[in-house]
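Step one of this worksheet: look at the structure below.
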Amino acid sequence: MKPTHLHFLLKRLKPEGISELMGKMCNGYAKAINRQRDSTGHLFESKYKIRLVNSNEYLIWLTRYIHRNPVEPSLVDRCRRWKYSSYQNYLGFGGFGSVEPSDILSLFGSVVEYEKFVEGAQLDMPEKLSADVAAIDNRSLTVTLRP
261 MKPTHLHFLL KRLKPEGISE LMGKMCNGYA KAINRQRDST GHLFESKYKI
311 RLVNSNEYLI WLTRYIHRNP VEPSLVDRCR RWKYSSYQNY LGFGGFGSVE
361 PSDILSLFGS VVEYEKFVEG AQLDMPEKLS ADVAAIDNRS LTVTLRP
């Protein structure tokens, strides 16, 4: 099984910042892949979706959902083994250069506590959040790729 979509948790720094970033990223990625494949056209199935994260509770559950995403369809057996994830940054092992996990980690007592939260047994999501997470999040963007 291969991944079918990507998740980004982004902090908006200016009014149109996320739209500008996603436009440049999606277009640049499509051009690079099309050059490699000597092809043209869209790579993504549809336009990205943006949802607002409006509470710290939703924010931490969303990070758990994103980091566990490759585990649920059995792409890897543990979150830390997915090399395309920023989870390594959260654990303090490097990873991607532009990831800043301090806002989320500050909501936990330690990195170990955050790791327990993410890697722990299937925790039930608070009822009021479960409907939102099915849709996903404005600081989090879901970009769906065409299979």
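The numbering of the sequence shown is my numbering, which starts it at 261 and goes up by one.
A virtual CB, placed ideally from N, CA and C, is assigned to each residue, including glycine.
Predicted, not measured: the structure shown is a model, and the values here were computed from it.
Between N314 and the rest of its own chain, which residues show a CB-CB distance below 7 angstroms, the 5 nearest in sequence each way excluded?
Taking the sequence shown and counting its residues from 1, one reaches residue 314 at position 54. Taken in chain order, the list of residues that qualify is empty.
Which residues does DSSP pair with I278 in a beta bridge?
For the purposes of this step, residue 278 is taken as residue 18 along the sequence shown, with counting starting at 1. None; I278 has no bridge partner.
Could you tell me which uninterrupted beta strand (DSSP E) segments, each at least 3 residues in length, are contained entirely in the stretch 294-331, listed from first to last along the chain?
309-311
Member of K376, L365, V371 and V378 whose CA lies at the smallest distance from the CA of N316:
If you number the sequence shown from 1, residue 316 lands on position 56. If we check each option's Cα against that of N316, L365 comes out closest.
DSSP state of E379, grouped into three classes?
By one-based count along the sequence shown, residue 379 stands at place 119. Three-state DSSP puts E379 in a helix.
Please name the residue, chosen from L270, Y289 and I320, that lies closest to E373 on a Cα-to-Cα basis.
Against the sequence shown, residue 373 aligns to sequence position 113. The candidate whose alpha carbon is nearest that of E373 is I320.
Nearest by alpha-carbon distance to S306: which of D298, M282, W342 and Y347 is it?
Position 46 of the sequence shown holds residue 306. Looking at the Cα atoms, M282 is the closest of the given residues.
Buried or exposed for I293, going by 16 or more other Cβ atoms inside 10 Å?
Start at 1 with the first residue of the sequence shown, and residue 293 comes out as number 33. Exposed, by the Cβ-count rule.
Do V378 and C339 have their CB atoms nearer than 7 angstroms?
For the purposes of this step, residue 378 is taken as the residue at position 118 of the sequence shown. For the purposes of this step, residue 339 is taken as the residue at position 79 of the sequence shown. Going by C-beta atoms, V378 is nearer than 7 angstroms to C339.
Considering only C-alpha positions, which residue in the set G301, I326, L367 and G369 is nearest to Q348?
One-based indexing of the sequence shown puts residue 348 at position 88. Looking at the Cα atoms, I326 is the closest of the given residues.
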